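Quick note on numbering: the sequence shown equals residues 19 to 260 in the numbering used here.
Encoded as structure tokens, the structure appears first; notes follow it.
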Amino acid sequence: MAGHSKWANIQHRKGRQDEKRQRVWTRVVREIMVAARTGGGDAAANPRLRLAIDKAKAANMPADTIKRNIDKATGNLEGVNYEEIRYEGYGIGGAAIIVDTMTDNRVRTVAEVRHIFSKYGGNLGSEGSVAFQFRHCGQIVLAPGASEDKVMEAALEAGADDVIADADGAIEVLTSPAQFEAVRDALQAAGFAAEVAEVTLRAENTIDLTGEDGQKMQKLLDMLEDLDDVQEVYHNASIDPA
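Right, dumping it as structure tokens:
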């Protein structure tokens, strides 16, 4: 991604998450339930569930709440069944957007997603229309100021695929999804605290959007993220709204 705005984009996203803290639990609960239902309730044998539990703990969710939702998903308690649906589309300037949702009503969800794309200058595309522009990987981002050499040594030794120093001083570590936890833990053990650590869809190339186009794109992304059924929004825009 373009270095000049990567850090600004990360900080904007973190700020948005803080604003929506009360809704973070809802999304984490859905992720826990789907992960447990598809991979079993034993976190030791279910990497996706482990990551969901990590997110829950980061959001200060009580352990009994986590356990209760795992039990719901695995049939020990009655609960709602959610299905995962991915939507692909285009934003301002043809920027690629992927929207991951979890819903108990797919008719409602597609109507809401399509409405937001249409209202805010985007277009909902067909399955596969933009997915090829993203890489499924582990992504760990360290704040500007970390030693690139020391990060590279710890990350590569733990199995990372690449270490990228951005123009703004941030350091990005990329891994395969399978090696994500090992690399994250190795960096923590070496004293590096990540600002972002997740298995994600990372854009292979970016589109720079500035000024009014950047503002419109950010508005579109924010409105998508505000939908109750939306879990994650991925895009390939490098946004500078100034």
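Where a beta carbon is used, it is the ideal one built from N, C-alpha and C, also for glycine.
Quick caveat: nothing in here was measured; it's all calculated off a predicted structure.
Check	Outcome
How far does the beta strand (DSSP E) with MET170 in it extend, from its first residue to its last?	First-last for MET170: 166-175, but that is the alpha helix (DSSP H), not the beta strand (DSSP E).
So if DSSP puts ALA256 in a beta bridge, which residue, or which two residues, is it bridged to?	According to the sequence provided, residue 256 is Ser. The question's Ala does not apply to it. In DSSP, SER256 forms a bridge with ASP226.
Which value, in whole angstroms, describes the spacing of the CA atoms of ASN64 and LEU227?	39 Å
Does the separation of the CB atoms of GLN151 and ASN223 fall below 8 Å?	yes
Quick test of your reading: ILE116 and ALA149, contact by CB under 8 Å. State the CB separation rounded to the nearest angstrom.	7 Å
Terminal residues of the continuous beta strand (DSSP E) containing VAL181?	180-183
What residues are listed by DSSP as bridge partners for LEU160?	ILE189 and ALA212
Would you say VAL125 and ILE158 are within 8 Å of each other, going by their C-beta atoms?	no
Mapping the DSSP letters down to three states, classify LEU142 as helix, strand or coil.	strand
What would DSSP say about THR92, mapped onto helix, strand or coil?	coil
Would GLY107 pass as a contact of GLY143 if the rule is Cβ separation under 8 Å?	yes
Answer with buried or exposed for GLU49, where buried requires no fewer than 16 other C-beta atoms within 10 angstroms of its C-beta.	buried
Quick check on the burial criterion: 16 or more other C-beta atoms within 10 angstroms. Buried or exposed for HIS133?	exposed
May I ask which residues mark the beginning and end of the beta strand (DSSP E) holding ASP72?	Unbroken run through ASP72 is the alpha helix (DSSP H), 65-76; no beta strand (DSSP E).
Do you know how far the Cα of GLU96 is from the Cα of ALA188?	45 Å
Can you tell which of ALA176, VAL169, GLY109 and SER194 has the C-alpha that lies nearest to the C-alpha of ILE182?	VAL169
Where DSSP assigns a beta bridge to MET120, which residues make up the other side?	GLU102
Please state whether DSSP places ALA113 in a helix, a strand or coil.	coil
Please classify GLY58: does DSSP put it in a helix, a strand, or coil?	coil
Are the CB atoms of THR119 and GLN249 nearer to each other than 8 Å?	yes
To the nearest angstrom, how far is it from the Cα of ASN99 to the Cα of GLY229?	42 Å
Under a Cβ-count criterion, where at least 16 other Cβ atoms within 10 Å of its own Cβ denotes burial, should HIS154 be classed as buried or exposed?	exposed
Pick helix, strand or coil for VAL248, following the three-state DSSP scheme.	strand
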